[in-house]
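Asker:
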Amino acid sequence: MEERSTTRSVSDAGVPVRRRLRIGDLTLRGGTVAVSLGLVVLLAGLLVVLATGAAPALSQLGLSFFTSRQWDPVTNHFGALPYIYGTLVTSTVALVLALPVSIGLALLLNEVRSKWVRNPLTVLVDLLAAIPSVVYGLWGLFVLAPALNTYLAPFLARTLGKLPVLGALFVPTPAVGNMLNAGVILAVMIVPIITAVTREVIATVPADLREASLALGATRFESIRMAVLPYARSGIVGATMLGLGRALGETIAVSMVIGNGLGISASLLAPGYTIPAVIANEFREATSTGLQHSALLALALVLVVIALVLAGASRLLVRRSERGFR
Amino acid sequence: MTARKAASTLFMGALWVAGLVAVIPLVLIVYYVLLKGLPAVHVGFFTQTAPPPGVPGGGMSQAMWGTGLIVGMATLISVPLGVLTAVYLSEFGRGRLAVGVRFVAEILLSTPSIVAGAFIWALVVVAMHSFSALAGAIALTVLMWPIITRATEETLRLVPDELREAALALGVPRWKMVLRIVIPTAGSGILTAVMLAVARGFGETAPILLTSLGNDFLNTNPLQPTDAVPLRIYNYAQSAFPAWQTLAWGGAITLLGAVLVLSIGARLLSDRQQRRLG
Chain L
162 MEERSTTRSV SDAGVPVRRR LRIGDLTLRG GTVAVSLGLV VLLAGLLVVL ATGAAPALSQ
222 LGLSFFTSRQ WDPVTNHFGA LPYIYGTLVT STVALVLALP VSIGLALLLN EVRSKWVRNP
282 LTVLVDLLAA IPSVVYGLWG LFVLAPALNT YLAPFLARTL GKLPVLGALF VPTPAVGNML
342 NAGVILAVMI VPIITAVTRE VIATVPADLR EASLALGATR FESIRMAVLP YARSGIVGAT
402 MLGLGRALGE TIAVSMVIGN GLGISASLLA PGYTIPAVIA NEFREATSTG LQHSALLALA
462 LVLVVIALVL AGASRLLVRR SERGFR
Chain Z
-13 MTARKAASTL FMGALWVAGL VAVIPLVLIV YYVLLKGLPA VHVGFFTQTA PPPGVPGGGM
47 SQAMWGTGLI VGMATLISVP LGVLTAVYLS EFGRGRLAVG VRFVAEILLS TPSIVAGAFI
107 WALVVVAMHS FSALAGAIAL TVLMWPIITR ATEETLRLVP DELREAALAL GVPRWKMVLR
167 IVIPTAGSGI LTAVMLAVAR GFGETAPILL TSLGNDFLNT NPLQPTDAVP LRIYNYAQSA
227 FPAWQTLAWG GAITLLGAVL VLSIGARLLS DRQQRRLG
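So the sequence lines, in the order shown, correspond to chains L and Z. Taking the working numbering, the leading residue of the first sequence gets 162, the next gets one more, and so forth. Taking the working numbering, the leading residue of the second sequence gets -13, the next gets one more, and so forth.
1) Would L:Ala290 and L:Pro353 be called neighbours here (beta carbons separated by less than 8 angstroms)?
2) Mind checking which residues open and close the alpha helix (DSSP H) that includes Z:Gly52?
3) If we count the other Cβ atoms within 10 Å of its Cβ and call it buried at 16 or more, is Z:Ile15 buried or exposed?
4) On the criterion of 16 or more Cβ atoms from any shown chain inside 10 Å, does Z:Glu190 qualify as buried, or is it exposed?
5) Are the C-beta of Z:Ser256 and some C-beta of chain L separated by less than 8 angstroms?
6) Using C-beta distances below 8 angstroms, list every residue in its chain close to Z:Gly30, excluding the 5 sequence neighbours before and after it, in chain order.
7) In three-state DSSP terms, what is L:His238?
8) On the DSSP bridge assignment, give the partners of L:Trp232 in chain order.
9) Helix, strand or coil for Z:Leu95 per DSSP?
10) Note down, in chain order, every chain Z residue with its Cβ under 7 angstroms from the Cβ of L:Met387.
11) Please list, in chain order, the chain L residues whose beta carbon lies closer than 8 angstroms to that of Z:Gln224.
12) For a minimum of 4 consecutive residues, which ranges assigned as the alpha helix (DSSP H) are wholly contained in the region 20 to 49 of chain Z?
13) Beta-carbon of L:Glu361 versus every beta-carbon of chain Z: anything under 8 angstroms?
14) Report the neighbours of Z:Thr171 on chain L: residues whose CB is nearer than 7 angstroms to its CB, in chain order.
15) Write down the C-beta distance between L:Leu403 and Z:Val90 rounded to the nearest angstrom, noting that I regard them as a contact closer than 8 angstroms.
16) Can you pull the chain L residues whose beta carbon is under 8 angstroms from the beta carbon of Z:Ser249, in chain order?
17) In terms of residues, what are the limits of the alpha helix (DSSP H) holding L:Pro335?
18) Among the candidates L:Gln221, L:Asn342, L:Ala259, whose CA atom is the shortest distance from the CA of L:Ala431?
19) Closest to L:Val345 by CA distance: which of L:Ala414, L:Ser482, L:Val273 is it?
20) When the distance is taken between beta carbons, is Z:Val164 closer than 8 angstroms to L:Leu189?
21) Spell out whether any CB of chain L is found under 8 angstroms from the CB atom of Z:Arg166.
22) Would the beta-carbon of Z:Pro208 fall within 8 angstroms of that of Z:Leu120?
23) Using a Cβ distance threshold of 8 angstroms, determine whether the region 202 to 221 of chain L contacts the region 445 to 464 of chain L, with at least three qualifying pairs required.
24) Output the distance between the C-alpha atoms of Z:Pro159 and Z:Arg150, rounded to the nearest integer angstrom.
25) Let me know if Z:Ile193 comes out buried or exposed under the rule of 16 or more other beta-carbons within 10 Å of its beta-carbon.
26) Please classify Z:Thr212: does DSSP put it in a helix, a strand, or coil?
27) To the nearest angstrom, how far is the alpha carbon of L:Glu372 from that of L:Ala379?
Structure representation (structure tokens):
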């Protein structure tokens, strides 16, 4: 960046050059500025359009939109609590499962010096991010969910299900689709995202710190624990927030395995429903009379606001974490 | 071995386990998609349209043409927008506006895809009184524009400043330097960005669901409801008919193949580009 600004002043130094009006320069600069502003307008438009669409539902239903459990197009009453609950539960399960794996993987990619391990592993994880969510859903529905329902769910019900308090999470139900399956699929889907950002952050930890700790006789574990992780902490929080944002908004894969059951159940082995899933399932069937479309747009608005705030906060955290140690 | 060393070895072992756990799903997904998808793929799969419920056979040709139409239009719209935004950020952008635009591009990458669908439904489908391929393309543009912007900006930054300085020193106007020197030098990197965005567009289901709706028959009119491969997979997977479920796996193998070829191709291209400019 520094070099480039020098360039500019050199070319600007020739006064006659600057005085000559260059239509080409003006056009290109003006065009790119206009298009770039278009991107900002797109974001603003997104929020305005959704807010306009959501206004009737939010103003008529008020706070009960967020606190009521009843979602009924016939009586024209829409309470989103079950969807909010399902979204939070599945995303939490996904984070709990994905975080240790992602951080472990990011540390591994940072520790391993051999190209023959690091490159293939990086490529594989990137490919995991490229798989379309409908393929995840198909696989989840026909392969993962039956396997989890046959082996994991009974096992969890037998063991953790017997514990006090925690046991409530693992009360078995005969349902095929459940929140645990959705959480597991989501975890697989967000691992590449959290890993990529965590790697980016870990890469900025100064080598001196690592070397100093190793020179003092720290083992690799101690060096990671005392030199790497403390410095990468805020960046890892940022990575987690990005992963959470992705998990909250994931639609297709979740709706295929979660069972789409209305109701609020403490057990992860019971069906659930999420905000994106209900938008996907009800949007096309919603009638133009009544509040249903408006209520669905309100859910979309809530979702995008949370996702964008998480993404923004994540970016700021990651940037701060990187900038601090350059 | 001391306890400290043992703890360290144990920890490194745990990291390897994490690596393994992360990769296993990819292997399993590719394995099952091949296993269940290959039997579904035959000539008719690519030439026939949707079969009636419960009837075996049939294909996904209408969905493949539909995906081509929707993603093709989305690419035509989002590539110029994304590249121009990236040119602004890399060549002209300074100060608050550039910081703001870059931040917006970054957070828009996290737009939930279903929200892009709901947004374009409210904006385009309602206004035109019809679901359409065009609405689907615009919804995909919401997702692809930031992707192309971010990836292209990164690749433009790899172009050495010496090239820019040499051009300016020769008296080349700035616009010509950008169009004739910077963009061609970054060419394969820009192609990489486009490939990644197209791969994303191919795989998106949720936005298409709310904007293009789907269609059992081949449609080439951009203003009519149009089918798409991911949409078909989604609908067929949840049906009770084994024949439809088989078609869903066939669709998955087609889709996964296309997306993986694009992603791996993009990666190879960008590795070459970085070696050349790095």
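Think of the CB as a built atom: it goes at the ideal place given N, C-alpha and C, for glycine as much as any other residue. From a predicted model like this one, the values you see are computed outputs, not experimental measurements.
Answerer: Quick answer:
1) As a working note, residue 290 of chain L is residue 129 in the first sequence. As a working note, residue 353 of chain L is residue 192 in the first sequence. Between L:Ala290 and L:Pro353, the CB-CB gap stays under 8 angstroms.
2) Translated into the one-based positions of the second sequence, residue 52 of chain Z becomes position 66. Z:Gly52: member of the alpha helix (DSSP H) spanning 47 to 73, first to last residue.
3) Within the second sequence, numbered from 1, the residue matching residue 15 of chain Z stands at position 29. Z:Ile15 comes out buried.
4) In the second sequence, residue 190 of chain Z corresponds to position 204, counting from 1. Looking at its Cβ environment, which holds 16 or more other Cβ atoms inside 10 Å, Z:Glu190 is buried.
5) Indexing the second sequence from 1 puts residue 256 of chain Z at position 270. Judged by the 8 angstroms Cβ criterion, Z:Ser256 is not in contact with chain L.
6) As a working mapping, residue 30 of chain Z is identified with position 44 in the second sequence. Counting only Cβ-Cβ distances below 8 angstroms, and skipping sequence neighbours, we find Gly43, Gly44, Gly45.
7) Taking the first sequence and counting its residues from 1, the one referred to as residue 238 of chain L is at position 77. For L:His238, the three-state secondary structure derived from DSSP is strand.
8) Position 71 of the first sequence holds residue 232 of chain L. Beta-bridge pairing links L:Trp232 to L:Phe239.
9) In the second sequence, the residue the question calls residue 95 of chain Z occupies position 109. Coil.
10) Here residue 387 of chain L refers to the residue found at position 226 of the first sequence. For L:Met387, no chain Z residue has a Cβ inside 7 angstroms of its Cβ, as the nearest lies near 12 angstroms away.
11) Reading the second sequence from its first residue, position 238 is the one you call residue 224 of chain Z. Ordered by position in chain L, the residues that pass the 8 angstroms Cβ test against Z:Gln224 are Leu302, Met417.
12) Taking only runs of at least 4 residues, the alpha helix (DSSP H) segments lying wholly in the region 20 to 49 of chain Z are 29 to 33.
13) Taking the first sequence and counting its residues from 1, one reaches residue 361 of chain L at position 200. Using beta-carbon distances, L:Glu361 does not count as an interface residue toward chain Z, since no partner is under 8 angstroms.
14) To locate residue 171 of chain Z, count along the second sequence from 1; it is residue 185. Ordered by position in chain L, no residue passes the 7 angstroms Cβ test against Z:Thr171, which lies about 15 angstroms from the chain.
15) In the first sequence, residue 403 of chain L corresponds to position 242, counting from 1. In the second sequence, residue 90 of chain Z corresponds to position 104, counting from 1. That pair is no contact at about 16 angstroms.
16) For the purposes of this step, residue 249 of chain Z is taken as residue 263 along the second sequence, with counting starting at 1. Those within 8 angstroms of Z:Ser249 in chain L are Asp287, Leu288, Ala291.
17) Locating residue 335 of chain L in the first sequence gives position 174, where the first residue counts as 1. Counting along the chain, L:Pro335 falls outside any alpha helix (DSSP H), and DSSP gives it neither H nor E.
18) On the first sequence, position 270 is the one that residue 431 of chain L refers to. Cα-wise, what sits closest to L:Ala431 is L:Asn342.
19) On the first sequence, position 184 is the one that residue 345 of chain L refers to. That would be L:Ala414, whose Cα lies nearest to the Cα of L:Val345.
20) The sequence position of residue 189 of chain L within the first sequence is 28, counting from 1. The sequence position of residue 164 of chain Z within the second sequence is 178, counting from 1. The criterion of a C-beta distance shorter than 8 angstroms is satisfied by L:Leu189 and Z:Val164.
21) Indexing the second sequence from 1 puts residue 166 of chain Z at position 180. Not closer than 8 angstroms to any Cβ of chain L, the Cβ of Z:Arg166 fails to qualify, so no.
22) For the purposes of this step, residue 208 of chain Z is taken as residue 222 along the second sequence, with counting starting at 1. For the purposes of this step, residue 120 of chain Z is taken as residue 134 along the second sequence, with counting starting at 1. Taking 8 angstroms as the cut-off, the beta carbon of Z:Pro208 is found closer than this to the beta carbon of Z:Leu120.
23) Here the region 202 to 221 of chain L lies against the region 445 to 464 of chain L, with 3 or more beta-carbon pairs under 8 angstroms apart.
24) Counting from one through the second sequence, the residue named residue 159 of chain Z turns up at place 173. Counting from one through the second sequence, the residue named residue 150 of chain Z turns up at place 164. Straight-line Cα distance between these residues: approximately 11 angstroms.
25) Residue numbering aside, residue 193 of chain Z sits at position 207 when the second sequence is read from its first letter. Reading off the sequence, residue 193 of chain Z comes out as Pro, not Ile. Classification of Z:Pro193: buried, given that the 10 Å Cβ count is 16 or more.
26) By one-based count along the second sequence, residue 212 of chain Z stands at place 226. Of the three classes helix, strand and coil, the one that applies to Z:Thr212 here is strand, per DSSP.
27) As a position in the first sequence, residue 372 of chain L is number 211, starting the count at 1. As a position in the first sequence, residue 379 of chain L is number 218, starting the count at 1. Between L:Glu372 and L:Ala379, the C-alpha separation is close to 10 angstroms.
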